[in-house]
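K.L.:
For what it's worth, the numbering used here labels the leading residue of the sequence shown as 1, then goes sequentially. Cβ coordinates follow ideal geometry from the N, Cα and C atoms, glycine included. I'd like to ask you about the structure that follows.
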Amino acid sequence: MSGPLPWHRTGLHRRLTIEQAYRRATLLVDRCGLLPAVRDALHCEVGAPREFTARALLVGLAVHALRLEDMHLTKVLDTLTELPGHAQKALGLSGEATYRMVWHAFTRLIDALQAGTLATAHNHPWVNRTTGELSPCPKACPYEAITTTVFIARLLDASLPETMPLTGAVAVDSTDYETWARRRSWSGHPDVDPDHLPVPDGTPAAPTRKVRAVNEPGWPRAGRDGRDQHTHDHDARDGYRSGTNLSPGGVFCGHDLHLAVNARAVGGPEVPFVITGMHLAPAGAHKGTAGLTVLDQFPAGTGHRRPQLTEVLADRGYSFCTPARWAYQVRARGLEAVIDLHPRQRGTHPGPPGTKFIDGGLFSDALPPPLHDLPGFPIGMPSAAKAALRAQYDQRAQYAFTRHSRPDGDGYQRFKGPAVAGKVRCPNFPRSMRLPQTRPQTRCTPGADCACGQTLTLPPEAMAWTRQRNLCGTTLWAADYGRRSAVESSNAEIKTHRLHIDRGFTRVMGTVKNSVLLAFALAGLNVILLRAWYAKRTLPDPWATLTGEPQPATGGKAKRTRAKRRPTTLAGLIGDAPPG
């Protein structure tokens, strides 16, 4: 097989049947371990037993998500009514479910998340009835407070079977998610965090219309965070979205959806681009803080399916944040950041004696002047021009300092000069002059002080904004950063190809409500993406294996041939030999 099969050759339907979705949803709910906590929040010890059970709520949301539908509670109810009788009985539905039941159960779940009372119960008496004091939990106690972050992490973690390859490298990105609430007012300027990427001059905060937008009386209001509130959605805020698909960028009101996606290891085999982390933040909020929340979700999952996180691939939206709110935090977590640089992050800065910082890298002063200020890679740049420019970056990298050790506990790291690394020949470092003539020779004055043969120790704050393992613009960096296409692929899946996460995908207000519905949608998408990824490679679907379903034929659908529709031909009518 030369490559993955096209979808029409796999022999699979694009959507799961209701039975297939139910089996996977039941297993997903059991694997995530959220049911006991949700049951304690919804069910009461007194009064009539609840007709709409906690299991019915979680499984109903999961089944609906696996059907790749908009996450409307009315449509979730329709999905529950489509379930066969044995499934409804297993969910504890003795009669016909109503919208009021679904809405009430969902609201009780959200209230518990917002109040911080959703938790896995203790397995021991946790209050001393004599003194009223709290008893310490033994090590085997399963108690855990279920926050919104933990809820999301458990769902996404449960959607990834143990046999699925996770690399420890994730690509992060954010996309806009507009609120369902109607806008009541407009600001005079884009309301974004000071650490946000520079918004292009002239970006209007209000839509361009022939009739000027007029604020309704009493709007905008002061939100709970001190920012302007323009809708009845108390958590939705104004943010800026960049232009895509020939659409201009502009201001929107809603949330930023931050995603972490499984990325391929450097030089490793291809892997499925499943979503491993998610965080919903008010639009215009600090991207670095939201990105760190996504990264911190990894220990919050059930744990046995996740390898240790080692790398994060981030675009300028995160790397442009001040080091104290992104770069330092990433390094403190022991992560290797691979980033792109904004034009304002590029340029030359003074370094230790005999060196200079250029575009985040430390270079010897022996660097030829033509290689100091190299241009960036604009969108739409031809491939040949990119290759030629990367060759210049590779040539410049020969004069750069390279890592000599890992960072110590305080963040200090040693770097060795280009002559020590054997990349250039310098007369002030005699050993380097025995290198092949193919290595460039510096124009350093013999006997003069130069840094080519030195080993330096850089403090953690030295160019922390832009420093990374491969120099920006080089061929190695392009291969390293190019793995971030994983999250762009996932954005296309959730926006266009399989889901349509846009305004109206959910019709609830508030960050927590939208987060729960989106978490179910993305967990269901992971199951569908894995099904397609394995089918295109004629491999068994891991979720079909877990549910005990028969695997489809792995040889691919036979290529169709066109049937012969003409019973006669001209040659057959006149015989084999042509006339004359």
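Near Ile-339, which residues of its chain fall below 7 Å by C-beta distance, leaving aside the five closest residues on each side in sequence?
P.N.:
Mapped onto the sequence shown, residue 339 falls at position 339. Here the set comprises Ala-314, Ser-319 and Gln-468.
K.L.:
When DSSP labels each residue in this structure, what does Met-71 get in the three-state scheme?
P.N.:
Along the sequence shown, one-based indexing puts residue 71 at 71. Reduced to three states, the DSSP call for Met-71 is strand.
K.L.:
Using the beta-carbon count (16 or more within 10 Å), is Ser-490 buried or exposed?
P.N.:
In the sequence shown, counting from the first residue as 1, residue 490 sits at position 490. Its Cβ being crowded by 16 or more others within 10 Å, Ser-490 is buried.
K.L.:
Between which two residues does the alpha helix (DSSP H) containing Ala-54 stretch?
P.N.:
Position 54 of the sequence shown, counted from the first residue, corresponds to residue 54. Per DSSP, Ala-54 belongs to the alpha helix (DSSP H) from 54–66.
K.L.:
With distances taken between CB atoms, is the gap from Pro-446 to Pro-427 smaller than 8 Å?
P.N.:
As a working note, residue 446 is residue 446 in the sequence shown. As a working note, residue 427 is residue 427 in the sequence shown. Contact flag set, yes.
K.L.:
Residue range of the alpha helix (DSSP H) that Cys-137 falls in?
P.N.:
Within the sequence shown, numbered from 1, the residue matching residue 137 stands at position 137. It is not in any alpha helix (DSSP H) - Cys-137 carries neither H nor E in the DSSP assignment.
K.L.:
Considering only C-alpha positions, which residue in the set Ala-324, Pro-375 and Asn-262 is nearest to Leu-309?
P.N.:
The residue given as residue 309 occupies position 309 in the sequence shown. Of the candidates Ala-324, Pro-375 and Asn-262, the one whose C-alpha sits nearest the C-alpha of Leu-309 is Asn-262.
K.L.:
Is DSSP giving His-86 helix, strand or coil here?
P.N.:
Position 86 of the sequence shown, counted from the start, is the residue given in the question as residue 86. Helix at His-86.
K.L.:
With a CB to CB cut of under 8 Å and the five nearest residues on each side skipped, what residues in its chain are close to Glu-133?
P.N.:
By 1-based counting over the sequence shown, the position of residue 133 is 133. Cβ neighbours of Glu-133 beyond the five flanking positions: Val-127.
K.L.:
I'd like the span of the alpha helix (DSSP H) that includes Asp-480, first residue to last.
P.N.:
For this step, residue 480 is matched to residue 480 along the sequence shown. Here the alpha helix (DSSP H) through Asp-480 covers 475–481.
K.L.:
Ignoring anything shorter than 4 residues, give me the alpha helix (DSSP H) runs that lie fully in the region 297–367, in order along the chain.
P.N.:
316–319 and 327–332
K.L.:
Could you tell me the distance, in whole angstroms, from the CA atom of Gln-345 to the CA atom of Trp-186?
P.N.:
The residue labelled residue 345 in the question sits at position 345 within the sequence shown. The residue labelled residue 186 in the question sits at position 186 within the sequence shown. About 32 Å.
K.L.:
Taking only three categories from DSSP, how would you classify Pro-459?
P.N.:
Walking along the sequence shown from the start, residue 459 turns up at place 459. Three-state DSSP puts Pro-459 in coil, outside helix and strand.
K.L.:
Using a Cβ-Cβ cut-off of 7 Å (strictly less than) and excluding sequence neighbours within five positions of Asp-193, which residues of its own chain qualify?
P.N.:
Taking the first residue of the sequence shown as 1, we reach residue 193 at position 193. So the list reads Gly-284, Ala-285 and His-286, once near-sequence residues are dropped.
K.L.:
With burial defined as no fewer than 16 other Cβ atoms inside 10 Å of the residue's Cβ, what is the status of Cys-582: buried or exposed?
P.N.:
The structure shown does not extend to residue 582, since the chain is modelled only from 1 to 580, so the question has no answer here.
K.L.:
Are there three or more Cβ pairs, one per stretch, closer than 8 Å when the region 93–101 is compared with the region 111–124?
P.N.:
Under the Cβ criterion (8 Å, minimum of three pairs), the region 93–101 does not count as touching the region 111–124.
K.L.:
Between Ser-515 and Thr-148, is the Cβ-Cβ spacing less than 8 Å?
P.N.:
Taking the first residue of the sequence shown as 1, we reach residue 515 at position 515. Taking the first residue of the sequence shown as 1, we reach residue 148 at position 148. Contact: yes.
K.L.:
So Ala-105 and Phe-52 are in contact, right, with Cβ under 8 Å, and what is the actual spacing, rounded?
P.N.:
Counted from its first residue, the sequence shown places residue 105 at position 105. Counted from its first residue, the sequence shown places residue 52 at position 52. Separation of the CB atoms of Ala-105 and Phe-52 is rounded to 5 Å, and the pair is thereby assigned contact status at 8 Å.
K.L.:
Within this structure, are the beta carbons of Val-172 and Asn-526 separated by less than 8 Å?
P.N.:
Within the sequence shown, numbered from 1, the residue matching residue 172 stands at position 172. Within the sequence shown, numbered from 1, the residue matching residue 526 stands at position 526. No. Outside cutoff.
K.L.:
My guess is that Met-433 and Arg-443 are in contact by the Cβ rule of under 8 Å, so how many angstroms apart are they, rounded?
P.N.:
Taking the first residue of the sequence shown as 1, we reach residue 433 at position 433. Taking the first residue of the sequence shown as 1, we reach residue 443 at position 443. The pair is not a contact, with the Cβ atoms about 14 Å apart (cut-off 8 Å).
K.L.:
Rounded C-beta distance between Met-278 and Leu-522? I'm assuming under 8 Å.
P.N.:
As a position in the sequence shown, residue 278 is number 278, starting the count at 1. As a position in the sequence shown, residue 522 is number 522, starting the count at 1. Yes, Met-278 and Leu-522 are in contact; Cβ-Cβ is about 6 Å, under 8 Å.
K.L.:
If you draw a straight line from the C-alpha of Gly-642 to the C-alpha of Pro-352, how long is it?
P.N.:
Residue 642 is absent from the model: the chain starts at 1 and stops at 580.
K.L.:
With which residues is Cys-253 paired in a DSSP beta bridge?
P.N.:
Sequence index remark: in the sequence shown, residue 253 carries index 253 (1-based). Paired residues: Asp-238.
K.L.:
Count the other C-beta atoms from every protein chain shown that fall within 10 angstroms of the C-beta of Thr-17, then say buried if there are 16 or more, exposed otherwise.
P.N.:
One-based indexing of the sequence shown puts residue 17 at position 17. Around the Cβ of Thr-17, a 10 Å sphere holds fewer than 16 other Cβ atoms; the residue is exposed.
K.L.:
How about Ala-25 and Ala-56: do their beta carbons lie closer than 8 Å?
P.N.:
For the purposes of this step, residue 25 is identified with residue 25 of the sequence shown, where counting begins at 1. For the purposes of this step, residue 56 is identified with residue 56 of the sequence shown, where counting begins at 1. Cβ distance not < 8 Å, so Ala-25 and Ala-56 don't count as in contact.
K.L.:
I'd like to know whether the C-beta atoms of Leu-155 and Phe-520 end up nearer to each other than 8 Å.
P.N.:
The sequence position of residue 155 within the sequence shown is 155, counting from 1. The sequence position of residue 520 within the sequence shown is 520, counting from 1. The answer is yes: Cβ separation under 8 Å.
K.L.:
Check Glu-488 in the structure and name its three-state DSSP category.
P.N.:
Locating residue 488 in the sequence shown gives position 488, counting from the first residue. Looking at Glu-488 - three-state DSSP - the assignment turns out to be helix.
K.L.:
Which residue or residues does DSSP assign as beta-bridge partners of Glu-144?
P.N.:
As a first step, residue 144 is located in the sequence shown; it is residue number 144 there, counting from the start. Glu-144 is bridged by DSSP to Thr-120.
K.L.:
Would you mind working out which of Ala-119, Ala-384, Leu-27 and Leu-389 sits nearest Ala-145, comparing C-alpha positions?
P.N.:
Here residue 145 refers to the residue found at position 145 when the sequence shown is read from its first residue. Out of Ala-119, Ala-384, Leu-27 and Leu-389, Ala-119 has the C-alpha closest to the C-alpha of Ala-145.
K.L.:
How would you write the range of the beta strand (DSSP E) that Lys-416 sits in, first residue to last?
P.N.:
Working through the sequence shown from its first residue, we reach residue 416 at position 416. First-last of the beta strand (DSSP E) with Lys-416: 413–416.
K.L.:
Among Gly-267, Gln-297, Gly-268 and Ala-400, whose alpha-carbon lies nearest the alpha-carbon of Leu-280?
P.N.:
Locating residue 280 in the sequence shown gives position 280, counting from the first residue. Measuring from the Cα of Leu-280, the nearest candidate turns out to be Gln-297.
K.L.:
Report buried or exposed for Ser-405, applying the criterion of at least 16 other Cβ atoms within 10 angstroms of its Cβ.
P.N.:
Your numbering for residue 405 matches position 405 in the sequence shown. Exposed: under 16 other Cβ atoms inside 10 Å.
K.L.:
Would you mind sorting Arg-183 into buried or exposed? The rule is 16 or more other CB atoms within 10 Å of its CB.
P.N.:
Taking the first residue of the sequence shown as position 1, residue 183 is located at position 183. By the 10 Å Cβ count, Arg-183 comes out buried.
K.L.:
Under 8 Å between the Cβ atoms of Leu-68 and Arg-15?
P.N.:
One-based indexing of the sequence shown puts residue 68 at position 68. One-based indexing of the sequence shown puts residue 15 at position 15. In this structure, Arg-15 lies closer than 8 Å to Leu-68 by Cβ.
K.L.:
If you follow the beta strand (DSSP E) that Met-278 is in, where does it begin and where does it stop?
P.N.:
Here residue 278 refers to the residue found at position 278 of the sequence shown. Run containing Met-278: 275–282, per the beta strand (DSSP E) assignment.
K.L.:
Counting beta carbon pairs with one atom in the region 70–86 and one in the region 534–541, are three or more of them shorter than 8 Å?
P.N.:
No: the two stretches stay apart, fewer than three of their Cβ pairs being nearer than 8 Å.
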